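Asks: Below: one structure in structure tokens.
Okay, structure coming up:
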């Protein structure tokens with residue numbers, strides 16, 4: 001038992017070593033860019049645009065001080081909305097990047113080592129193919145989002161610190177203005193649950209990529225995409241319907257985090273509650289439970305289990321030469 | 322004593338070509354077996370079957386396990402280097418040691434560190450930063466630090482320069498091999514392993530055409546250098562092969578009584594390479 005846990009640990013750590021660039025460096029770059037641009041923007045306000053006036057119907061704007069004053073003047077509800085909205089906004093970049101690098105991670109996960117023959121080294125060690133494949137699923141579905149989540153938390157803290165400094169320099173009370181309405185813990189918790197639920201929702205999508213990766217002798221990307229497109233068009237041609245594409249779009253674009261494609265009014269899968277009093281989003285655990293026990297979710301796992309089993313089988317029995 | 326590798330009637334086809342066509346094997350512990358054959362003879366397929374890397378028909382047991390069903394279990398006691406430079410290029414040497422240490426119950430990290438300390442390989446280097454020879458040294462250091470009963474080497478030194486190749490087999494013999502262990506090796510550079518082998522197997526067209534110990538070879542085969550005047554007499558004795566070297570004829574005989582050689586010329590045990598060529602010509606239609 002203990003050796004099994006040990007082996008899984010080693011395998012997951014190996015994936016992190018190999019994909020450090022995607023899993024670790026990308027979130028670090030994103031957070032650096034967000035924080036960096038925010039600081040640059042402020043410098044621009046202070047020094048370069050110091051004398052510029054932005055005049056709209058609602059306010060006159062001459063510098064960062066005005067921004068702070070504007071925030072002071074709004075009612076608490078709108079202020080909370082503005083601050084938390086900005087914090088949530090910063091998570092979008094992480095979500096989109098994560099979708100892409102996890103996609104490419106899975107695509108290469110059981111393909112790259114066959115291409116460069118290092119699979120012969122991995123296979124010379126007493127590690128079962130089941131463990132190998134499951135550790136790769138875990139890395140894409142858990143390690144990657146969890147590290148992105150850490151990136152989000154650090155970004156939010158960075159933004160809050162910047163806002164605090166601005167408030168101070170403008171003579172306002174940071175605790176009233178920023179830390180009162182801001183809900184960083186709430187957002188961190190929401191994103192944590194959201195990432196976990198999202199990975200469970202995407203399980204069949206991830207498993208399909210693992211399967212394509214284990215199957216392809218070359219052009220893993222085409223094996224992952226072309227069959228799906230063909231099935232979709234076959235359905236359109238034979239049945240004059242687009243149900244398969246619709247299913248794919250709902251699976252990939254749906255879930256709790258990403259593009260919120262709501263093609264079908266009946267399938268609504270949000271887990272956020274908008275609290276009108278404090279104007280913040282919170283996790284609706286009831287909705288999480290509903291989603292986790294929904295027919296769509298369970299079917300997804302069944303399909304994922306089939307794809308992952310097939311990937312393990314291919315990894316085990318496919319000739320390497 | 323139970324066999325390390327026991328195979329009966331191994332078969333595998335790729336379409337019309339038979340990579341393995343009824344291969345039998347019985348390899349005992351403490352042997353160093355050379356599996357020798359031309360390209361495409363089925364060497365690699367044979368080794369892959371033994372390592373559970375490919376499907377096949379027939380009976381095969383390696384250390385008493387079925388490589389098809391018990392591959393992961395088997396790898397606790399089997400090591401292999403299949404092909405040159407299969408170490409993952411992204412990994413640091415230290416990461417490889419850490420990983421193997423964590424997943425392999427029979428790996429001794431301190432041994433690997435000791436082997437590596439005799440080379441120029443640095444632990445903080447990535448594999449892609451090492452030369453081909455250094456990659457092989459790293460791989461060998463890892464493999465030699467695993468307490469395995471069977472080591473399988475498939476062209477482990479292909480494309481390496483001569484210094485690395487010499488060291489490779491020297492280290493293997495002095496630091497690794499003992500009577501508990503068994504090594505199965507294929508290579509094109511037969512001359513280099515000739516002296517370390519205890520057994521030799523020739524494979525051609527998926528069939529084992531020769532399976533003998535080195536002592537057997539010495540008593541079964543003889544090569545005679547004959548002056549031209551006596552060549553006809555030598556031909557009458559039914560040689561397997563005849564070739565000319567610097568005006569003298571070299572005849573290779575199987576199961577020839579030593580008395581018959583009297584007066585023909587100097588004789589000695591043929592090299593594996595010469596025997597191999599003779600065997601392959603014998604099998605091939607003229």
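Protein chains in written order, with the working numbering: chain A, 1 to 321; chain B, 322 to 607. In this text, a Cβ means the ideal position worked out from N, Cα and C, and glycines have one as well. Bear in mind the structure is a predicted one, so any value in this text is a computation, not a measurement.
1) Name the two residues that bound the continuous beta strand (DSSP E) containing residue 574 (chain B).
2) Between which two residues does the alpha helix (DSSP H) holding residue 33 (chain A) run?
3) Where do the ends of the beta strand (DSSP E) carrying residue 448 (chain B) lie?
4) Quick one: Cα of residue 65 (chain A) to Cα of residue 170 (chain A), how far?
5) Quick one: give me the first and last residue of the alpha helix (DSSP H) that residue 18 (chain A) is part of.
6) Going by Cα to Cα distance, which pick from B:427, B:523 and B:462 is closest to residue 444 (chain B)?
7) Per DSSP, what kind of secondary structure is residue 479 (chain B) in: helix, strand or coil?
8) Please state the DSSP three-state secondary structure of residue 309 (chain A).
9) Within this structure, are the beta carbons of residue 490 (chain B) and residue 517 (chain B) separated by less than 7 Å?
10) Going by DSSP in three states, residue 116 (chain A) sits in which element: helix, strand or coil?
11) Which word fits residue 259 (chain A), buried or exposed, when buried means at least 16 other C-beta atoms lie within 10 angstroms of its C-beta?
12) Between the Cα of residue 338 (chain B) and those of B:361, B:591, B:554 and B:350, spot the shortest distance and give me the residue it belongs to.
13) Can a CB atom of chain B be found closer than 7 Å to the CB of residue 284 (chain A)?
14) For residue 544 (chain B), which residues does DSSP report across the bridge?
15) Under the three-state reduction of DSSP, which class applies to residue 163 (chain A): helix, strand or coil?
16) Relative to chain A, which residues along the region 449-471 of chain B have a C-beta separation below 7 Å, given in chain order?
17) Within 8 Å, do at least three Cβ pairs link the region 377-385 of chain B to the region 349-359 of chain B?
18) Between the beta-carbon of residue 420 (chain B) and the beta-carbon of residue 467 (chain B), is there less than 7 Å?
19) In whole angstroms, give me the CA-to-CA distance for residue 74 (chain A) and residue 188 (chain A).
20) According to DSSP, is residue 79 (chain A) part of a helix, a strand, or is it coil?
21) Would you call the region 451-465 of chain B and the region 141-157 of chain A in contact, with 3 or more CB pairs under 8 Å?
22) Can you tell me which of the three DSSP states residue 325 (chain B) falls into?
23) Measuring straight from C-alpha to C-alpha, what distance separates residue 363 (chain B) and residue 341 (chain B)?
24) Would you identify the three-state DSSP class for residue 345 (chain B), choosing helix, strand or coil?
25) Would you tell me roughly how many angstroms separate the C-alpha atoms of residue 589 (chain B) and residue 596 (chain B), rounded to the nearest one?
26) Hey, which unbroken runs of the alpha helix (DSSP H) at 4 residues or more fall wholly within the region 377-451 of chain B?
27) Drop a sphere of 10 angstroms on the beta-carbon of residue 458 (chain B), count the other beta-carbons inside from all chains shown, and report buried for 16 or more, exposed for fewer.
28) Whose Cβ in chain A lies nearer than 7 Å to the Cβ of residue 407 (chain B)?
29) DSSP state of residue 262 (chain A), grouped into three classes?
30) Mind listing which residues of the region 378-401 of chain B have their C-beta closer than 9 Å to chain A's C-betas, in chain order?
31) Taking C-beta to C-beta, are residue 307 (chain A) and residue 211 (chain A) nearer than 7 Å?
32) Please name the residue, chosen from A:128, A:89, A:81 and A:120, that lies closest to residue 393 (chain B) on a Cα-to-Cα basis.
33) For a cutoff of 7 Å on Cβ pairs, would you count residue 6 (chain A) as touching chain B?
34) Taking Cβ positions only, does residue 652 (chain B) come closer than 7 Å to chain A?
35) Where does residue 133 (chain A) fall in DSSP's three states?
Replies: By the coordinates alone:
1) For residue 574 (chain B), the enclosing beta strand (DSSP E) begins and ends at 569-575.
2) Segment 26-43, the alpha helix (DSSP H) holding residue 33 (chain A).
3) Careful: residue 448 (chain B) lies outside any beta strand (DSSP E) and carries neither H nor E.
4) The straight-line gap from Cα to Cα measures roughly 5 Å.
5) Segment 2-18, the alpha helix (DSSP H) holding residue 18 (chain A).
6) Minimum Cα distance to residue 444 (chain B) is reached at B:462.
7) Three-state DSSP puts residue 479 (chain B) in coil, outside helix and strand.
8) In the three-state scheme derived from DSSP, where H, G and I count as helix and E and B as strand, residue 309 (chain A) is classed as helix.
9) In this structure, residue 517 (chain B) lies closer than 7 Å to residue 490 (chain B) by Cβ.
10) DSSP places residue 116 (chain A) in coil when its eight states are reduced to three.
11) Note on residue 259 (chain A): pLDDT 46, under 50, position unreliable in the model; the coordinate value appears next. That one is exposed.
12) For the residues B:361, B:591, B:554 and B:350, the minimum Cα distance to residue 338 (chain B) belongs to B:361.
13) So, not an interface residue.
14) Within the DSSP secondary-structure output, residue 544 (chain B) pairs in a beta bridge with B:573 and B:589.
15) Taken through DSSP and simplified to helix, strand or coil, residue 163 (chain A) comes out as helix.
16) Taking a C-beta cut-off of 7 Å against chain A, none of the residues of the region 449-471 of chain B qualify.
17) The region 349-359 of chain B vs the region 377-385 of chain B: no contact.
18) Going by beta carbons, residue 420 (chain B) and residue 467 (chain B) fall outside the 7 Å limit.
19) Taking the straight line joining both Cα atoms gives about 25 Å.
20) It is helical.
21) Judged by pairs of C-beta atoms under 8 Å, the region 451-465 of chain B does not touch the region 141-157 of chain A, as fewer than three such pairs exist.
22) Annotated three-state conformation of residue 325 (chain B) is coil, per DSSP.
23) Near 6 Å, if we compare the C-alpha coordinates of residue 341 (chain B) and residue 363 (chain B).
24) If DSSP states are grouped into helix, strand and coil, residue 345 (chain B) belongs with the strands.
25) When the Cα atoms are used, residue 589 (chain B) and residue 596 (chain B) turn out to be separated by approximately 12 Å.
26) Here the runs fully enclosed are 392-395, 414-424 and 430-438.
27) Answer is buried; the Cβ neighbour count reaches 16.
28) Within chain A, the residues placing a beta-carbon under 7 Å from that of residue 407 (chain B) are 117, 118, 120 and 121, ordered along the chain.
29) Because residue 262 (chain A) sits at a pLDDT of 42, beneath the cut-off of 50, its placement in the model cannot be relied upon, and the following sentence gives the value as read from the coordinates. DSSP places residue 262 (chain A) in coil when its eight states are reduced to three.
30) Going along the region 378-401 of chain B in chain order, one finds 389, 392, 393, 394, 395, 396, 397, 398, 399, 400 and 401 with a Cβ nearer than 9 Å to chain A.
31) For residue 307 (chain A) and residue 211 (chain A), yes; Cβs fall inside 7 Å.
32) Between residue 393 (chain B) and the set A:128, A:89, A:81 and A:120, the nearest pair of CA atoms involves A:128.
33) For residue 6 (chain A), at least one C-beta of chain B is nearer than 7 Å to its own C-beta.
34) Past the edges of chain B, shown from 322 to 607, lies residue 652 (chain B), and the structure says nothing about it.
35) Three-state DSSP puts residue 133 (chain A) in a helix.
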